[in-house]
Structure formats: C-alpha cells, structure tokens
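Beneath this line is the structure, given in structure tokens, with notes to follow.
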Amino acid sequence: QASPGRGDWGHLVFAQTSDNLESRIDSAVIEYAERNLHCEYSSPYVANSILREAAEMNVLVQGGSPYLKNNRIYNSNKSGLYIMASAAPTISGCEIYNNAYSYYGFYFIDSGGTVTNCIVRNNHYGMYFAGASSPSVLKNMITRNQRGLDIRNTSKPVINSYTFDRNDSGAAPLDGKDK
C-alpha cells in the first residue's frame, strides 16, 4: 500500500503452538497493524526492533513469557505494551513512548514479569497496574508522562532503583516525591 495507516495491515502472532526456541525477531520494523505483535501464550525472543503506528497496541502479551530486548515501541492508539492473562515477560532496555494519544506505555493486568533498564516517556500513564499484577520493575526511567505510575486493585509491583522525573499532575512515585 502506498500510504499505509494504523490498522491497514495484519498482525504478527506467535501462538501457543509456536516453537519458542525458533520464534525470534531481530532488527525488524513492525508497523500499521491493529496489534503489531501478539504473543498468545508463547515466549518469542524479540530484539533490536521497532514496533510502531498500531491501531490498538504495539505489543499484546497474552500469557507466556516473551523476551523483549532493546526495542523501540511507540505511536499506538492504546498501549505500547498490554500485558495480561498471567503473562510473565522479560523486558529489558526498551524505549516506550508516545502511545495512544499518549495513553499507556505499559498496561499490566493480572500479570507479572520483569521490566529493567527501560525508558518510559510521553505517555498518559507511564506504567499502569490493574488486577493482581506483580511485576518487578527495576532501574527504569519514567519521565514526562502525565501519570508516571498508577497502581490499582490488588496489584503489588516491586519497584526499585528508578528515575522518576518531570511527570505532570497526578503522578506519584511510591515515596510520594517527584523531582
């Protein structure tokens, strides 16, 4: 298509039947789908890639334990990453920004996993935790979001060694201070 738009193309799915050892994406550009990448009870390895311009979310993790490393995830209509259904992804060194008219960078619902060394910026919510989510969020920079962190319901994320900087009104880190 000459001038594609969000939602014009199909999406990439790693289904439950995917071979996790063979499911790899490295140095790719994935764009213009409803959901650019859907990890459906699977655990692919996705690194050094760009996921952008999704009509819904750039990455949907539905169960499974995918490994996402050094990716740029931006400009979606809903979420950079939507993590649900007891998923436990490992996410490291990613940049997540400008999602959903700047809505969710990360949206966790009833899930865990580990998020380390990521930059989460220019989203409405940097990180949103709902249901019984309990990820480990370590050494991340959460900056320039309208709300840096929002923890709801019975969520108990472990959040350590982070930079929480220049988030607008309504943002509150765990210690109640914003730089």
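Okay, so the sequence shown: first residue is 464 according to this note's numbering, each after it adds one. Ideal Cβ placement from N, Cα and C applies to all residues, glycine included. Here the structure is a predicted model, which means the values were calculated and not measured.
Cβ-Cβ separation, residue j to residue i (assumed contact under 8 Å), whole Å
i: residue 511; j: residue 490; result: 5 Å
i: residue 575; j: residue 598; result: 5 Å
i: residue 474; j: residue 497; result: 6 Å
i: residue 516; j: residue 535; result: Not a contact, Cβ separation roughly 12 Å.
i: residue 592; j: residue 618; result: 4 Å
Residue j beta carbon less than 8 Å from that of residue i
i: residue 506; j: residue 519; result: no
i: residue 572; j: residue 542; result: no
i: residue 570; j: residue 545; result: yes
Residue i burial status per 10 Å Cβ neighbour count (16 or more: buried)
i: residue 550; result: buried
i: residue 600; result: buried
i: residue 521; result: buried
i: residue 531; result: buried
Neighbourhood of residue i by C-beta, 6 Å cutoff - its chain only, sequence neighbours within 5 removed
i: residue 626; result: 604
i: residue 533; result: 510, 511 and 556
i: residue 594; result: 572, 573 and 616
i: residue 548; result: 525 and 526
i: residue 614; result: 592
i: residue 553; result: 530 and 577
Proximity test, residue i beta-carbon vs the ligand ATP heavy atom, cut-off 7 Å
i: residue 543; result: Ligands are entirely absent from the displayed structure, and the ligand ATP is therefore not among its contents.
is_contact[residue i, chain D] using C-beta, thresh 8 Å
i: residue 500; result: Among the protein chains of the structure shown there is no chain D, as only one such chain exists.
In DSSP terms, what residue i is bridged to
i: residue 532; result: 510 and 555
i: residue 607; result: None; residue 607 has no bridge partner.
i: residue 485; result: The partner list for residue 485 (beta bridge, DSSP) is empty, contrary to what the question assumes.
Residues near residue i in its chain [Cβ-Cβ closer than 7 Å; skip 5 each side]
i: residue 467; result: 495
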